[in-house]
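Enquirer: Mind having a look at this structure? Questions to follow.
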Amino acid sequence: MRSRFAADPSAALCRVFRPSRSEVVTQKQDPSPGRVSANRVAPRSPSRRWQPRDLAGLYPRRPILLAHRGASIEAPANTLAAFRLAAEMGADGVELDVHLSRDGHVVVIHDDTVTSVTGAPGRVREMTVEELQSLDAGSYFSPAFRGERIPTLEEVLDVLRPDMVVNVELKG
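End of the sequence shown sits at 486 in the numbering used here; the numbers just go up one at a time, nothing left out.
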């Protein structure tokens with residue numbers, strides 16, 4: 315089933331609300347609808363819930379460390395392995411890139427094609443999430459990461475610490 319948001323990534327990511335600029339996300343226990351936008355991120359999964367918090371206490375008087383595409387020097391960029399490692403290494407947050415799949419899922423990948431990370435031909439927007447996740451997105455980096463796949467944004471949020479900042483770059 316094709317999502318009504320498939321043609322417009324920003325509509326898919328901001329479909330629930332538009333947050334103020336003074337909010338980021340934290341985990342909470344009571345259930346609420348999942349949401350995603352540029353300043354707030356929340357998975358639709360019932361397993362984790364997020365709520366905004368004020369930025370005043372977030373930024374210490376030191377620079378914050380954002381792991382670009384996860385720990386992408388140590389693991390394949392934009393994979394669950396890279397994001398898990400970034401969390402384990404103590405990063406304050408992560409930067410990641412998202413595209414929409416043909417069936418409207420928000421997937422984490424930098425390029426608009428899968429060729430550079432999988433060796434297979436194809437545009438992200440022309441493939442379903444099932445097709446995207448059937449590809450090996452780790453072997454290009456190292457045989458040790460064979461079988462890593464292109465994750466959804468929800469899967470990435472589930473492996474990050476609740477206190478981590480998430481900088482989402484919306485791609486084409």
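Even for Gly, the Cβ is constructed at its ideal location relative to N, Cα and C.
Because the structure is a prediction, the values reported are computed rather than measured.
Quick one: complete alpha helix (DSSP H) runs, 4+ long, within the stretch 396-432?
Expert: 429-432, all fully within the stretch 396-432.
Enquirer: Excluding the five sequence neighbours on either side, which residues of its own chain have a C-beta within less than 6 Å of the C-beta of R463, listed in chain order?
Expert: Counting only Cβ-Cβ distances below 6 Å, and skipping sequence neighbours, we find Q447 and A451.
Enquirer: Who are the Cβ neighbours of D344 in its own chain at under 6 Å, not counting the five residues just before and after it?
Expert: Residue placement at D344 is poorly supported in this model, since its pLDDT is 37, which falls under 50; the coordinates still yield a value, given next. Counting only Cβ-Cβ distances below 6 Å, and skipping sequence neighbours, we find nothing.
Enquirer: Do you know whose CA, among P457, D411, F459 and P476, lies nearest H424's CA?
Expert: For H424, the nearest C-alpha among the options comes from D411.
Enquirer: Quick one: what does DSSP say R437 is sitting in, helix, strand or coil?
Expert: DSSP places R437 in strand when its eight states are reduced to three.
Enquirer: Measuring alpha carbon to alpha carbon, tell me which residue in H413, E409 and T466 is nearest R383.
Expert: Out of H413, E409 and T466, E409 has the C-alpha closest to the C-alpha of R383.
Enquirer: Name the two residues that bound the continuous beta strand (DSSP E) containing L380.
Expert: From DSSP, the beta strand (DSSP E) with L380 extends over L380 to H382.
Enquirer: Taking V443 and D417 to be in contact with their CB atoms under 8 Å, please state how far apart those CB atoms are, rounded to whole angstroms.
Expert: Right, the Cβ-Cβ distance comes to about 6 Å (below 8 Å), so this counts as a contact.
Enquirer: Within a Cβ cutoff of 6 Å, which residues of the same chain sit near A389, ignoring the five residues on either side of it in sequence?
Expert: If we look at A389 and ignore the five residues flanking it on each side, its Cβ neighbours are A395, A396 and L399.
Enquirer: Report the three-state DSSP secondary structure of E468 (helix, strand or coil).
Expert: If DSSP states are grouped into helix, strand and coil, E468 belongs with the helices.
Enquirer: Whose CA, out of S453, G407, R460 and Y454, lies closest to the CA of P377?
Expert: Of the candidates S453, G407, R460 and Y454, the one whose C-alpha sits nearest the C-alpha of P377 is G407.
Enquirer: Based on the DSSP output, what are the partners of L474 in its beta bridges?
Expert: According to DSSP, L474 bridges with nothing at all.
Enquirer: Which residues mark the beginning and the end of the alpha helix (DSSP H) in which E444 is found?
Expert: Where E444 is concerned, the enclosing alpha helix (DSSP H) stretches over V443 to Q447.
Enquirer: Can you give me the Cβ contacts of L449 inside the same chain, cut-off strictly under 7 Å, excluding the 5 residues immediately before and after it?
Expert: So the qualifying residues of the chain are V428, T432, A434, R463 and I464.
Enquirer: So if DSSP puts N481 in a beta bridge, which residue, or which two residues, is it bridged to?
Expert: N481 pairs with E409.
Enquirer: Counting only the same chain and skipping the five closest in sequence on each side, list residues whose C-beta sits under 8 Å from that of R460.
Expert: Same-chain partners within the cutoff: D450, G452 and S453.
Enquirer: Are the beta-carbon atoms belonging to V470 and V420 less than 7 Å from one another?
Expert: The answer is no: Cβ separation not under 7 Å.
Enquirer: Leaving aside the five residues before and after S386 along the sequence, list all residues of the same chain whose C-beta is less than 8 Å from its C-beta, in chain order.
Expert: The answer, listed in chain order, is N392 and A396.
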